[in-house]
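Worksheet: one structure, shown below.
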Amino acid sequence: MKPVVLASGSPRRRELLGQMGIADFEVLPARGEECAPEGLKPADYVTYLACQKAREVAALRPDCTVIGADTVVVLDDMVLGKPTDRADAIRMLTALSGRAHEVYTGMAVISGGQERTHAECTKVNFRALTTEEIEAYVDSGEPMDKAGGYGIQGKACVMIRGIEGDYYNVVGLPVCALQQMLKELD
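Position one of the sequence shown corresponds to residue 51 (the working numbering), numbered consecutively onward.
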């Protein structure tokens with residue numbers, strides 16, 4: 051297998067690659083502006099951004115297998131990325147409270163001039179949250195670097211009643227699908 055490069059600085063994605071048994075990989079986050087055409091459906095949006103990231107890094111590491119990924123939360127056709135500040139995180143979590151939403155992760159894997167893409171969707175059900183719970187969670191600092199303002203693998207675990215789909219997708223990297231993509235390109 052070629053050397054693997056993760057085109058993301060996400061500590062969660064690094065951890066998941068390690069859990070997959072990919073022990074030796076380089077982390078080289080894409081630096082380009084995350085910009086997608088308007089009007090894309092969520093699955094196309096995250097796949098587009100994942101491709102941007104993977105292509106940027108693959109140009110720098112052409113002899114490697116490059117993995118790019120992007121995750122968003124979607125509520126009522128509104129895309130929720132990472133919160134910009136405390137008020138934005140509170141707004142997002144208040145909107146998610148007591149409701150179901152979707153988490154989309156797009157992936158792009160480039161190796162040997164070949165490219166594979168995949169988008170995964172998982173439905174997440176939040177329980178009703180109090181204002182105090184939301185503010186305490188936001189004040190923990192945990193929501194600030196996560197799509198939708200929460201991390202299922204962290205303190206937000208107590209806010210989630212259940213999911214339908216791939217848990218690892220909500221963390222930020224659908225590892226089952228990624229493993230299949232890597233096998234196709236090996």
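Built from N, CA and C at the ideal position, the CB exists for glycine as well.
Own chain, CB closer than 6 Å to residue i, minus 5 neighbours either side, in chain order
i    : result
A80  : A57, K103, E106 and V107
L99  : E84, A86 and D120
G204 : E192
V54  : I72, F75 and T115
Coarse secondary structure for residue i, derived from DSSP in three states
i    : result
I210 : strand
A150 : strand
M128 : strand
L67  : helix
L232 : helix
L143 : helix
E76  : strand
Same chain, Cβ closer than 7 Å to residue i, neighbours up to 5 away in sequence not counted
i    : result
A139 : P133, V188, P193, M194 and G199
E185 : I140
G131 : V122 and A197
Outcome for residue i when other beta-carbon atoms lying within 10 angstroms are tallied against a minimum of 16
i    : result
R62  : buried
M51  : exposed
E152 : buried
V208 : exposed
P92  : buried
S161 : buried
T172 : buried
C226 : exposed
Y217 : exposed
G59  : exposed
G201 : buried
Whole-Å CB distance - residue i paired with residue j, under 8 Å assumed
i    : j    : result
A158 : G118 : 4 Å
L223 : T115 : Contact flag wrong, Cβ pair sits at about 15 Å.
V77  : V96  : About 20 Å; that fails the 8 Å criterion.
V221 : L66  : 6 Å
S147 : L179 : 4 Å
R136 : R177 : 22 Å between Cβ atoms; not a contact.
Contacts around residue i, its chain only, beta-carbon distance under 8 Å, and the 5 residues preceding and following it disregarded
i    : result
M231 : M157, V159, R166 and H168
Q229 : M70
Checklist line | Ranges of the beta strand (DSSP E) found wholly within the region 93 to 125, counting only runs of at least 3 | finding: Contiguous beta strand (DSSP E) elements confined to the region 93 to 125 occur at 115 to 125, taking only those with 3 or more residues.
Check: What are the complete beta strand (DSSP E) segments, minimum 3 residues, inside the region 156 to 180?
Finding: Within the region 156 to 180, the complete beta strand (DSSP E) runs of at least 3 residues fall at 164 to 176.
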